[in-house]
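Q: Here the sequence shown stands for residues 1 to 544, where the numbers follow UniProt numbering.
Handing you this structure, nothing more for now.
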Amino acid sequence: MKVISLSAAMFLTIAAAAQQPVYTRAGLESVTVYRIGAELNHKARVTLPKGGSQVVIQQVANAIDVNSIQVSASNKVTVMSAGFAEDFLKEADLKSPAYLKLEDSLQAARREVTRTRNTRVADENTLVLLDKNQSLSGGTAGGPSVAELMKLADYYKKQQVELRNNIALLQEKETLQQAAVQKLEKQLQEMSNDPNASGGQLVLQVMSETGGPTDLTVSYLTPAARWGVYYDLKATNTSSPLQLLYKANVVQNTGIDWKKVKLTLSTGNPSQSGTAPVLGAWFLSYAIPQLSDYAKTAIYGATQNRLQTLERRAPLAAAPPAPPAMEADASGVDEYTSQNENQLSATFEIDIPYDVASTGKQHSVTLKEFSLPAFYKYYAVPKADPDAFLMAEITDYEKLSLLPGEANIIFEDMYVGKSFIDPNATSDTLNLSVGRDKKVIIKREKVTDMSGVKFLGNQKRQTFTYEIRVRNAKKEPVNLLLKDQYPVTTDKSMEVELVESDGAAVNTETGVLTWKLSVAPGETRKVRLSYTVKYPKDKVIANL
1 MKVISLSAAM
11 FLTIAAAAQQ
21 PVYTRAGLES
31 VTVYRIGAEL
41 NHKARVTLPK
51 GGSQVVIQQV
61 ANAIDVNSIQ
71 VSASNKVTVM
81 SAGFAEDFLK
91 EADLKSPAYL
101 KLEDSLQAAR
111 REVTRTRNTR
121 VADENTLVLL
131 DKNQSLSGGT
141 AGGPSVAELM
151 KLADYYKKQQ
161 VELRNNIALL
171 QEKETLQQAA
181 VQKLEKQLQE
191 MSNDPNASGG
201 QLVLQVMSET
211 GGPTDLTVSY
221 LTPAARWGVY
231 YDLKATNTSS
241 PLQLLYKANV
251 VQNTGIDWKK
261 VKLTLSTGNP
271 SQSGTAPVLG
281 AWFLSYAIPQ
291 LSDYAKTAIY
301 GATQNRLQTL
311 ERRAPLAAAP
321 PAPPAMEADA
331 SGVDEYTSQN
341 ENQLSATFEI
351 DIPYDVASTG
361 KQHSVTLKEF
371 SLPAFYKYYA
381 VPKADPDAFL
391 MAEITDYEKL
401 SLLPGEANII
411 FEDMYVGKSF
421 IDPNATSDTL
431 NLSVGRDKKV
441 IIKREKVTDM
451 SGVKFLGNQK
461 RQTFTYEIRV
471 RNAKKEPVNL
481 LLKDQYPVTT
491 DKSMEVELVE
501 SDGAAVNTET
511 GVLTWKLSVA
521 PGETRKVRLS
531 YTVKYPKDKV
541 IANL
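Structure (structure tokens):
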């Protein structure tokens, strides 16, 4: 009986010990930030009794993908299970009704932010998809008519305006909701009297064979961090290389400040499924015919100074949404950054300890700096914009591992605007807009004495003649790619004739004329474009 009583007492003692949580704080060692999300790696030390125990690890992120939690332990300790919980006062019994109410309000506010963000991201993705699907083979036999093109133009314009307006409203709503979340987090932090109360905690069930000090290594994924790319483009003049600064904006809202951590930035997607797709049966069925996409319109230019190539008579597509404006707190760590690539992603490892506060503000990091040989040329479409744009052509840009992003343009030691770098283009040459140059003066004027209307029987013939003058007010010669256009039609009742092209290369399918001009300092060059449009006099062409 004594043996049985002793065993029962020992069991009760162990059970009681196992029910008492062992608290410890996690030290953050390293962070890998993805375009959306981050992997955090912690270390902690705890003293365990022999047998089963519950370990509560504090100072971890306030949002964790529970399926990504990985824990390893030393000293013959087996981790039986791991779970996540919002951080709370050390003893749950100490939570007041006001604290619990505040917790509920915070969770509801976070859900609202997530819903708003999801809606905004969905609209942004729809807008990108809409921009990319504007390919239309117009102006060829069997293709859509001008009327159909105009209907498509109205459709895309309406859709883009609605999406952009909705995105703007959602951004404002998200900002207000995020402010409410931060306010609740601050109140909760003050109420708990714990500087890390806005973080989370991991609850582990462990079994120790011997008891004693144990080292724990913890890693997990959190959605509460991200990084975005942006660039600085610097050019002293058109005869010098182009300086490209590859930069990152790091943002985190994990509830814990990252202090003196090893920071790595990755282009990978940790939430993307690694399961290979499987094909099923492909059954055909009839559907209502869909309108074909728009003609792709090449885009060059800046967020503020946008230049667009008129390859089709169609509405011009907008550039992808630019990242948010950068806030102060920038660090140049180019010499401490190493870049690694594999077939799936690229990573930037920063070898110096780094601090990123959990404020939701952008923290700027210079990743790499490149000096790129560039061929400079000027580009102008005076029908759409009277200014000339300086373009830099970069070859072999694939090795730079560039990502789509906004670029600040500095030319001749002056800030001239913003541009957008899209390295996903299929061309082997990357065209970068360096900005407008007011010293290349271009005027496009109608020649009235060579333009007019004539009536021939039941036909009406209109003649249009334009003269384009280019003056180089710079001290060095410029190479200019000049574009204009004349209308094209698939309507057999209309006849369009190009009367004068003045040596331009003519694309008869699109009506685009291209002149390659070399203009000496102080020189003025002139080119002319003339065309006629013949159609029934009882008709009116809306867009002529």
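Don't be surprised by glycine CBs; every beta carbon is placed ideally from N, CA and C.
All figures in this text were calculated on a predicted structure; none of them were measured in a lab.
So, under 8 angstroms CB-CB, T222 and T254 are touching, yes? Tell me the CB distance rounded to an integer number of Å.
A: Locating residue 222 in the sequence shown gives position 222, where the first residue counts as 1. Locating residue 254 in the sequence shown gives position 254, where the first residue counts as 1. Confirmed, about 6 angstroms.
Q: Closer than 8 angstroms is the cut-off here; do at least three beta carbon pairs connect the segment 125-132 with the segment 159-167?
A: yes
Q: Would you identify the three-state DSSP class for E467, choosing helix, strand or coil?
A: As a first step, residue 467 must be located in the sequence shown, where it is residue number 467. Three-state result, E467: strand.
Q: Curious, which full-length beta strand (DSSP E) runs of at least 3 residues does the segment 412-492 contain?
A: 414-421, 429-446, 452-456, 459-472, 478-485
Q: When the Cα atoms are used, what is the spatial distance from S105 to R35?
A: Taking the sequence shown and counting its residues from 1, one reaches residue 105 at position 105. Taking the sequence shown and counting its residues from 1, one reaches residue 35 at position 35. Whole-angstrom Cα-Cα distance: 29 angstroms.
Q: State the Cα-Cα distance for the pair K474 and P521, rounded to the nearest angstrom.
A: Walking along the sequence shown from the start, residue 474 turns up at place 474. Walking along the sequence shown from the start, residue 521 turns up at place 521. Straight-line Cα distance between these residues: approximately 6 angstroms.
Q: Quick check on the DSSP output: the beta strand (DSSP E) that includes M391 runs from which residue to which?
A: Position 391 of the sequence shown, counted from the start, is the residue given in the question as residue 391. Start and end: 387-395.
Q: Would K247 be called buried (16 or more neighbouring beta carbons within 10 Å of its own) or exposed?
A: As a first step, residue 247 is located in the sequence shown; it is residue number 247 there, counting from the start. So K247 counts as buried.
Q: Is S530 helix, strand or coil by DSSP?
A: The residue labelled residue 530 in the question sits at position 530 within the sequence shown. DSSP places S530 in strand when its eight states are reduced to three.
Q: Does DSSP classify D65 as helix, strand or coil?
A: The residue you call residue 65 lines up with position 65 of the sequence shown. Collapsing the DSSP output to three states places D65 in a strand.
Q: Roughly how far, in whole angstroms, is the beta-carbon of P241 from the beta-carbon of A63, given that I think they are within contact range, below 8 angstroms?
A: Residue mapping note: residue 241 aligns to position 241 of the sequence shown, counting from 1. Residue mapping note: residue 63 aligns to position 63 of the sequence shown, counting from 1. Not quite, the Cβ-Cβ distance comes to about 44 angstroms (not below 8 angstroms), so this is no contact.
Q: How would you call W282, buried or exposed, if buried means at least 16 neighbouring beta carbons within 10 angstroms?
A: Within the sequence shown, numbered from 1, the residue matching residue 282 stands at position 282. By the 10 Å Cβ count, W282 comes out exposed.
Q: Ignore the nearest five residues each way along the sequence and tell me which others in G452's own chain have a CB closer than 8 angstroms to its CB.
A: For this step, residue 452 is matched to residue 452 along the sequence shown. Excluding sequence neighbours, G452 sits near Q462, T463.
Q: Output needed for I541: all residues of its chain with C-beta closer than 8 angstroms, excluding positions within five of it in sequence on either side, in chain order.
A: Here residue 541 refers to the residue found at position 541 when the sequence shown is read from its first residue. Excluding residues within five positions, the ones whose Cβ falls inside 8 angstroms are M494, V533, Y535.
Q: The beta strand (DSSP E) with K537 in it runs from where to where?
A: Indexing the sequence shown from 1 puts residue 537 at position 537. That residue, K537, is in no beta strand (DSSP E); it is neither H nor E in DSSP.
Q: Leaving out five residues on either side along the sequence, give the residues of the same chain with a beta carbon under 8 angstroms from the beta carbon of G503.
A: Here residue 503 corresponds to residue number 503 of the sequence shown, with the count starting at 1. Excluding positions up to five away in sequence, the list reads W515, V527.
Q: Is V60 near the ligand MG, with its Cβ less than 6 angstroms from a heavy atom?
A: As presented, the structure is devoid of all ligands, the ligand MG included, so that no description of it is given.
Q: Whole angstroms are fine: how far does the CA of L265 sit from the CA of T366?
A: Reading the sequence shown from its first residue, position 366 is the one you call residue 366. Reading the sequence shown from its first residue, position 265 is the one you call residue 265. Those two C-alpha atoms are separated by around 12 angstroms.
Q: Can you find a CB in chain B that lies within less than 7 angstroms of the CB of N75?
A: Annotation note: the requested chain B is absent from the structure, which comprises a single protein chain.
Q: How many Å lie between V261 and I441 at the Cα?
A: What you label residue 261 is simply residue 261 of the sequence shown in a count that begins at 1. What you label residue 441 is simply residue 441 of the sequence shown in a count that begins at 1. Cα-Cα distance, rounded: 53 angstroms.
Q: Candidates N458, V113, L390, F348: which alpha carbon is nearest D538's?
A: The residue labelled residue 538 in the question sits at position 538 within the sequence shown. For D538, the closest C-alpha among the options N458, V113, L390, F348 is that of N458.
Q: Quick one, are the C-beta atoms of V71 and A26 less than 7 angstroms apart?
A: To locate residue 71, count along the sequence shown from 1; it is residue 71. To locate residue 26, count along the sequence shown from 1; it is residue 26. No.
Q: Counting C-beta neighbours from all protein chains within 10 Å, is the total for T236 16 or more, i.e. buried, or is it exposed?
A: For the purposes of this step, residue 236 is identified with residue 236 of the sequence shown, where counting begins at 1. Counting Cβ neighbours within 10 Å, T236 comes out exposed, since fewer than 16 surround it.
Q: Name the DSSP bridge partner or partners of S518?
A: Taking the first residue of the sequence shown as 1, we reach residue 518 at position 518. S518 is bridged to N479.
Q: By alpha-carbon positions, which one of R444, Y99, S518 ends up nearest to K383?
A: Mapped onto the sequence shown, residue 383 falls at position 383. Selected option, being the one with the closest Cα: R444.
Q: Exposed or buried, what is L170 when buried is set at 16 or more other beta-carbons lying within 10 Å of its beta-carbon?
A: Position 170 of the sequence shown holds residue 170. Classification for L170: buried.
Q: Nearest CA to the CA of R226: which residue from Q252, E349, V22, D65?
A: In the sequence shown, counting from the first residue as 1, residue 226 sits at position 226. For the residues Q252, E349, V22, D65, the minimum Cα distance to R226 belongs to Q252.
Q: May I have the straight-line CA-CA distance separating Y420 from D437, to the nearest angstrom?
A: Your numbering for residue 420 matches position 420 in the sequence shown. Your numbering for residue 437 matches position 437 in the sequence shown. The sequence as given places Phe at residue 420; Tyr does not occur at that position. Cα to Cα, F420 sits roughly 18 angstroms from D437.
Q: Thinking C-beta only, is Q201 closer than 7 angstroms to A357?
A: Here residue 357 refers to the residue found at position 357 when the sequence shown is read from its first residue. Here residue 201 refers to the residue found at position 201 when the sequence shown is read from its first residue. It is not a contact, given that the beta carbons lie outside the stated cut-off.
Q: Can you give the Cα-Cα distance for Q107 and S371, rounded to whole angstroms?
A: For the purposes of this step, residue 107 is taken as the residue at position 107 of the sequence shown. For the purposes of this step, residue 371 is taken as the residue at position 371 of the sequence shown. The straight-line gap separating the alpha-carbon atoms of Q107 and S371 is approximately 48 angstroms.
Q: Roughly how many angstroms separate the alpha carbons of T119 and G37, rounded to a whole number?
A: For the purposes of this step, residue 119 is identified with residue 119 of the sequence shown, where counting begins at 1. For the purposes of this step, residue 37 is identified with residue 37 of the sequence shown, where counting begins at 1. If I take the Cα positions, the gap works out to 18 angstroms.
Q: From P404 to G51, what distance separates their C-alpha atoms?
A: On the sequence shown, residue 404 is found 404 positions in, with the first residue counted as 1. On the sequence shown, residue 51 is found 51 positions in, with the first residue counted as 1. So the two alpha carbons sit approximately 54 angstroms from each other.
Q: Nearest CA to the CA of L263: which residue from L102, E29, K483?
A: Position 263 of the sequence shown, counted from the first residue, corresponds to residue 263. For L263, the nearest C-alpha among the options comes from E29.
Q: I need the straight-line Cα distance from V113 to L481, nearest angstrom please.
A: If you number the sequence shown from 1, residue 113 lands on position 113. If you number the sequence shown from 1, residue 481 lands on position 481. The straight-line gap from Cα to Cα measures roughly 47 angstroms.
Q: In this structure, what does DSSP give as the bridge partners for M207?
A: Numbered from its first residue, the sequence shown carries residue 207 at position 207. The partner list for M207 (beta bridge, DSSP) reads G52, T78.
Q: What's the gap between the Cα of S345 and the Cα of S219?
A: Your numbering for residue 345 matches position 345 in the sequence shown. Your numbering for residue 219 matches position 219 in the sequence shown. S345 and S219: Cα-Cα distance of roughly 20 angstroms.
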